[in-house]
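A.B. asks: Take a look at the following structure, please.
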């Protein structure tokens, strides 16, 4: 049964226009990208978007907003907005374009794709994935209709962790039961800055009622400042800590013997395997005292109820599949899997399922076999988002031509020049690439190499799509009319599908028909959904704990549909991995450069470098051009321990050169007492200038502030062999500029 939220109704009544001449429009914040973001109320005066506030009844954020939301108006009206389609008239990289119409742009793209499909095969097209968006399945739909498997997913985010959990405990995503936990571990995550504000509030509320909080990360970020115990681990060594914790918990018999005997396969093989991974072994790798690691393991192993919030650190290490499996095994053998206060499989809500626009049912083994550079090993394809080639490997194939070269890349809302590793190689590939299409709301760093540039609407200029997550569904409401000659991301894919001849698969270009198709399970149309301005909240289903028979029988996403867990138990020892030539038990793999893996580099590069993707004011490689946000964080920075800096004659605020074996950046040193003395950290995504404040843009290569030039892309060292996770750890030296 569905209910109309009293909170949302009250919000719409109480938040009348601040001024009589202003019109209030409830919608979703757009600043983290198209999707179900935070609920907001936007105010419009004389057709202009003038202010914004949080929607108090929105389940995602309950009225809370971050600085990015309050910068929405400056972002929408930025002078860097793309207002009309363009085609290249100069050399690649020059950034010379001429204006064309929307239809002309579609004609050019459709003609090129048809030509290449005939000449090279449909797999010659790759579409690079942005961070997960509500249009992501439209990209997959177009690829499948065209016949290409090459959805270029990042190799850096979400899929890597989801894979490890799916093939260990049977589900790709585990929730955390913060409300009932006695212990919460935040591990390699940044819940204060990632996504809607609700998660960090749940964690802090749990701490206020008495839950213990442990935070594992190299730097003292806001969540770590609230912790009972902060564990300042070296970047990229989380897997070693997880193995050491397993060693202690097994050696001291702190595991749940009943759960292990009933629901774990291969525990008897893990016991002898884990003996070598002692805390003493892990100490020189992680930089943590062995006694400290034993303490953390004992606290976790003896807690009545404990949950782990594992973050992006597990997606960005060559040890990814091992590290995630080790954490999943920790959760399982301690009895914290799908029990109160542990890591849970949410029961869901009474809300019907939105029909996906994906065309997963059309996948064939032939498509899987044609992946240019599988993100997840081919034997496990397709995975949860469909077939995927690794983002970097799609681009690199242009240069290597192995197993074949990608000929067209379409980049919607993503910038290969700053989003993936190996920027020097990426630029070489973009120069050689036969056809490159950039789709964005704003001028971006990859645009100079584009053959066609497609501008798209911000989500404040759209009345589609509706968004649904958890137990809330709401139509998107248009705040203002589009400011230029463009449509939305969603309309672009429908229009291109029609133009190239796939109209039957794209509702013949009708966005309304597309949304009505998606709403069929709800028994209503999009116009009927719009009658609920702040959406519909459905009642949750009561949480049912344990239910292991069902969880451990979950069908995999592979073409065979075989279960993730063939024994119907937690895969402590993974026979599926073993059958496909991968290690069945989690092991340790060193980063490409590290104090223990490459000690010969320490004389020249004595510090460990990593970067963070999350920020209090920026979204990955965007928003530095917005004055309100740039005022808060004006310069690219390097967090460095004061003692480390002083030994190098570096004062707080000095510009410094940070050099690795692969490249160098110039950034501003900021003292941070809350960072390991042997670690320095920067922020990913710097390139944009801010003209209004007179602040510069930065080069993409050496001498700029693009952290991606710092890392290895050695195919033998820089990628996890199972999930293509790419390392964000290296060794550096820092000197005053």
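Numbering (our numbering), first residue to last: -1 to 735.
Even glycine gets a Cβ: it sits at the ideal position worked out from N, Cα and C.
All values derive from a computational prediction rather than experimental measurement.
Any contact of the segment 329 to 339 with the segment 288 to 308, i.e. 3+ C-beta pairs under 8 angstroms?
C.D. replies: yes
A.B. asks: Quick check on this structure: which residue in 626, 718, 444, 154 has the alpha carbon closest to the alpha carbon of residue 309?
C.D. replies: The residue given as residue 309 occupies position 311 in the chain shown. Measuring from the Cα of residue 309, the nearest candidate turns out to be 154.
A.B. asks: Quick one: residues in its chain with C-beta nearer than 7 angstroms to the C-beta of residue 448, no 5 flanking neighbours on either side, listed in chain order?
C.D. replies: Mapped onto the chain shown, residue 448 falls at position 450. Answer for residue 448: 86, 434, 435, 436, listed in chain order.
A.B. asks: Compare the beta carbon distance of residue 393 and residue 408 with 9 angstroms and say whether it is the shorter of the two.
C.D. replies: For this step, residue 393 is matched to residue 395 along the chain shown. For this step, residue 408 is matched to residue 410 along the chain shown. No; because the gap between Cβ atoms is not below 9 angstroms, this pair is not in contact.
A.B. asks: Put residue 512 into one of helix, strand or coil per three-state DSSP.
C.D. replies: In the chain shown, the residue the question calls residue 512 occupies position 514. Correct three-state label for residue 512: helix.
A.B. asks: Less than 9 angstroms between the beta carbons of residue 730 and residue 665, yes or no?
C.D. replies: Start at 1 with the first residue of the chain shown, and residue 730 comes out as number 732. Start at 1 with the first residue of the chain shown, and residue 665 comes out as number 667. No, Cβ-Cβ distance for residue 730 and residue 665 is not below 9 angstroms.
A.B. asks: Roughly how many angstroms separate the alpha carbons of residue 621 and residue 686, rounded to a whole number?
C.D. replies: Mapped onto the chain shown, residue 621 falls at position 623. Mapped onto the chain shown, residue 686 falls at position 688. C-alpha separation (whole angstroms): 8 angstroms.
A.B. asks: From residue 185 to residue 312, what distance separates their C-alpha atoms?
C.D. replies: Residue mapping note: residue 185 aligns to position 187 of the chain shown, counting from 1. Residue mapping note: residue 312 aligns to position 314 of the chain shown, counting from 1. Roughly 9 angstroms separates the two Cα atoms.
A.B. asks: Is it buried or exposed for residue 269, if we count other Cβ within 10 angstroms and need 16 for buried?
C.D. replies: Within the chain shown, numbered from 1, the residue matching residue 269 stands at position 271. By the Cβ-count criterion, residue 269 is exposed, with fewer than 16 other Cβ atoms from all chains shown falling within 10 Å of its own Cβ.
A.B. asks: Identify, in the order they occur along the chain, each residue of the same chain with its Cβ nearer than 8 angstroms to the Cβ of residue 178, setting aside the five sequence neighbours on each side.
C.D. replies: Taking the chain shown and counting its residues from 1, the one referred to as residue 178 is at position 180. Excluding sequence neighbours, residue 178 sits near 303, 338, 339.
A.B. asks: Please determine if the segment 540 to 550 and the segment 360 to 378 are in contact, where contact requires at least 3 C-beta pairs separated by less than 8 angstroms.
C.D. replies: Contact fails: fewer than three Cβ-Cβ distances are below 8 angstroms.
A.B. asks: Could you pull out every unbroken beta strand (DSSP E) segment of at least 3 residues lying fully inside the segment 48 to 123, listed in chain order?
C.D. replies: 84 to 86, 95 to 97
A.B. asks: Once the 5 residues before and after residue 733 are set aside, which same chain residues still bring their CB inside 7 angstroms of it?
C.D. replies: Working through the chain shown from its first residue, we reach residue 733 at position 735. Cβ within range, chain order: 646, 654, 655.
A.B. asks: Kindly indicate the opening and closing residues of the beta strand (DSSP E) around residue 433.
C.D. replies: Position 435 of the chain shown, counted from the start, is the residue given in the question as residue 433. Unbroken beta strand (DSSP E) run through residue 433: 433 to 438.
A.B. asks: Measuring CB atoms only, is the segment 117 to 127 touching the segment 17 to 25, in the sense that at least three cross pairs come out at less than 8 angstroms?
C.D. replies: no
A.B. asks: According to DSSP, is residue 722 helix, strand or coil?
C.D. replies: For this step, residue 722 is matched to residue 724 along the chain shown. Assigned with DSSP and collapsed to three states, residue 722 falls in coil, not helix or strand.
A.B. asks: Just the C-alpha distance for residue 596 and residue 590, rounded to the nearest angstrom, thanks.
C.D. replies: The count along the chain shown starts at 1 and reaches residue 596 at position 598. The count along the chain shown starts at 1 and reaches residue 590 at position 592. Each residue's alpha carbon lies about 8 angstroms from the other.
A.B. asks: State whether the segment 350 to 363 contacts the segment 98 to 106, with contact taken as three or more CB pairs (one from each stretch) at a distance under 8 angstroms.
C.D. replies: no
A.B. asks: Could you check the C-alpha separation between residue 632 and residue 708 for me, to the nearest Å?
C.D. replies: Indexing the chain shown from 1 puts residue 632 at position 634. Indexing the chain shown from 1 puts residue 708 at position 710. Rounded to the nearest angstrom, the two C-alpha atoms are 22 angstroms apart.
A.B. asks: Let's see if you can read the secondary structure: which residues bound the beta strand (DSSP E) around residue 536?
C.D. replies: Here residue 536 corresponds to residue number 538 of the chain shown, with the count starting at 1. Where residue 536 is concerned, the enclosing beta strand (DSSP E) stretches over 534 to 536.
A.B. asks: To which residues of the same chain is residue 175 closer than 7 angstroms at the C-beta, ignoring the five residues directly before and after it?
C.D. replies: On the chain shown, position 177 is the one that residue 175 refers to. For residue 175, where only same-chain residues beyond five positions count, the Cβ hits under 7 angstroms are 305, 338, 339, 340, 342.
A.B. asks: Just how far apart, CA to CA, sit residue 683 and residue 126?
C.D. replies: Here residue 683 refers to the residue found at position 685 of the chain shown. Here residue 126 refers to the residue found at position 128 of the chain shown. Roughly 17 angstroms between the two C-alpha positions.
A.B. asks: Secondary structure at residue 205, three-state DSSP: helix, strand or coil?
C.D. replies: Your numbering for residue 205 matches position 207 in the chain shown. In the structure shown, residue 205 falls within a helical segment according to DSSP collapsed to helix, strand and coil.
A.B. asks: Measuring only the C-alpha atoms, how far is residue 229 from residue 668?
C.D. replies: One-based indexing of the chain shown puts residue 229 at position 231. One-based indexing of the chain shown puts residue 668 at position 670. Going by the C-alpha atoms only, they are around 21 angstroms apart.
A.B. asks: Can you give me the C-alpha to C-alpha distance between residue 572 and residue 548, rounded to a whole angstrom?
C.D. replies: Numbered from 1 along the chain shown, position 574 holds the residue referred to as residue 572. Numbered from 1 along the chain shown, position 550 holds the residue referred to as residue 548. Approximately 19 angstroms, taken between the alpha carbons.
A.B. asks: Where does residue 568 sit, in a helix, a strand or coil, going by DSSP?
C.D. replies: Stepping through the chain shown from its first residue, residue 568 is reached at position 570. DSSP places residue 568 in strand when its eight states are reduced to three.
A.B. asks: With H, G and I counted as helix, E and B as strand and the rest as coil, what does DSSP make of residue 523?
C.D. replies: In the chain shown, counting from the first residue as 1, residue 523 sits at position 525. In this structure, residue 523 counts as coil in the three-state DSSP scheme.
A.B. asks: Can you find the residues in the same chain that come closer than 7 angstroms, C-beta to C-beta, to residue 460, ignoring five residues on each side of it along the sequence?
C.D. replies: Mapped onto the chain shown, residue 460 falls at position 462. Within the same chain, residue 460 has close Cβ partners 474, 476, 486.
A.B. asks: Can you confirm whether the segment 418 to 425 touches the segment 449 to 458 when touching is taken to mean that 3 or more C-beta pairs between the two stretches lie within less than 8 angstroms?
C.D. replies: no
A.B. asks: For the 8 angstroms Cβ check, are there 3 or more pairs between the segment 506 to 513 and the segment 565 to 580?
C.D. replies: no
A.B. asks: Give me, in chain order, the residues of the same chain whose beta-carbon lies closer than 7 angstroms to that of residue 693; leave out the 5 immediate sequence neighbours on both sides.
C.D. replies: Taking the chain shown and counting its residues from 1, one reaches residue 693 at position 695. Same-chain partners within the cutoff: 628, 632, 687.
A.B. asks: Which residues does DSSP list as the beta-bridge partners of residue 684?
C.D. replies: Taking the first residue of the chain shown as position 1, residue 684 is located at position 686. None, per the DSSP bridge assignment.
A.B. asks: Are residue 675 and residue 642 touching if we call contact CB-CB under 9 angstroms?
C.D. replies: For the purposes of this step, residue 675 is taken as residue 677 along the chain shown, with counting starting at 1. For the purposes of this step, residue 642 is taken as residue 644 along the chain shown, with counting starting at 1. It is a contact, given that the beta carbons lie within the stated cut-off.
A.B. asks: Suppose the cutoff is 7 angstroms on Cβ atoms and the five residues either side in sequence are ignored; what does the same chain contact list for residue 61 look like?
C.D. replies: Here residue 61 corresponds to residue number 63 of the chain shown, with the count starting at 1. If we look at residue 61 and ignore the five residues flanking it on each side, its Cβ neighbours are 52, 53, 54.
A.B. asks: Residues in its own chain within less than 6 angstroms of residue 181 by CB, not counting five upstream and five downstream?
C.D. replies: Counting from one through the chain shown, the residue named residue 181 turns up at place 183. Only residues of its own chain outside the window of five on either side were considered, and among them 210, 301, 304 have a CB closer than 6 angstroms to the CB of residue 181, listed in chain order.
A.B. asks: State whether the segment 576 to 589 contacts the segment 313 to 321, with contact taken as three or more CB pairs (one from each stretch) at a distance under 8 angstroms.
C.D. replies: The segment 576 to 589, when compared against the segment 313 to 321, does touch it at the 8 angstroms Cβ threshold.
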